[in-house]
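Inspection log for the structure reproduced underneath, given as structure tokens.
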Amino acid sequence: MIRNYYTDSFKEGRVVTASDTLLIDGKTQASTPQSVWKEYNLYIGTTGSVVTTNDNDASTNGTLTLRAPNTDIKIGMFVAGAGVPNDCKITNVVVTLGTMAITVDKTLGIAADILLTYGFPNENSVRVRTIDDDTVTFYNPPQGEILPVSVVQVFATGTSNISGLVALS
């Protein structure tokens, strides 16, 4: 069932934990008959996306300091820019007194105020099982939107760089 968003309202919301064995409602998929599966519409909270900044201090070590914190920058993202080694990954983020200290796994050699790009290494995706027992993967789903499909399970395998999933019924 695809819900008519203009005339139908949602009655319940459930935070989704991705699992390769459990349905959204916590029942084991393999031992639960399809006739009793509960279907949900899936709200996409946040997706990993590309972020850029140009308010950094110069650095010749493994710490990058931004003069304005950016909450879109996350551990696990990669950093690119002039003076940044290839495959430079963020290992820690600390916000203090209006600045953001980003620890990376490589030694930097960057000047102040250069354009830096941050992003996850993989494409944003969410892999689901539908009420019809089909497996579907959505690539780069729009953040803050509801997928137009009846979902019973969100897989851990095949779901990446997506958080804040909410099952609505």
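Positions 0 to 168 (numbering that gives the first Met the number 0) are the ones given, in order, by the sequence shown.
All C-beta atoms, glycine included, are put in the ideal place defined by N, C-alpha and C.
Since the structure is predicted, the reported quantities are computational estimates derived from the model, not experimental observations.
Beta-carbon separation (whole angstroms), residue i vs residue j, contact threshold 8 Å
{"i": "residue 45", "j": "residue 163", "result": "5 Å"}
{"i": "residue 53", "j": "residue 132", "result": "Contact flag wrong, Cβ pair sits at about 49 Å."}
9 Å Cβ cutoff met for residue i and residue j
{"i": "residue 148", "j": "residue 21", "result": "no"}
{"i": "residue 74", "j": "residue 90", "result": "yes"}
Residue i classed as buried or exposed, judged by whether at least 16 other C-beta atoms fall within 10 angstroms
{"i": "residue 161", "result": "buried"}
{"i": "residue 92", "result": "buried"}
{"i": "residue 0", "result": "Below a pLDDT of 50, predicted positions are generally treated as unreliable, and residue 0, at 48, falls in that range; no measurement from the model is reported."}
{"i": "residue 55", "result": "buried"}
{"i": "residue 8", "result": "exposed"}
Nearest residue (CA-CA) to residue i, options the options
{"i": "residue 116", "options": "34, 11 and 50", "result": "50"}
{"i": "residue 110", "options": "60, 9 and 33", "result": "60"}
{"i": "residue 145", "options": "39, 35, 24 and 32", "result": "39"}
{"i": "residue 159", "options": "168, 27, 120 and 166", "result": "120"}
{"i": "residue 142", "options": "134, 165 and 96", "result": "165"}
For this session: Answer yes if the region 121 to 130 comes into contact with the region 54 to 71, meaning at least three C-beta pairs across the two stretches below 8 Å, and no otherwise.
Result: no
For this session: Could you tell me whether the region 151 to 159 touches the region 10 to 18, where touching means 3 or more Cβ pairs closer than 8 Å?
Result: yes
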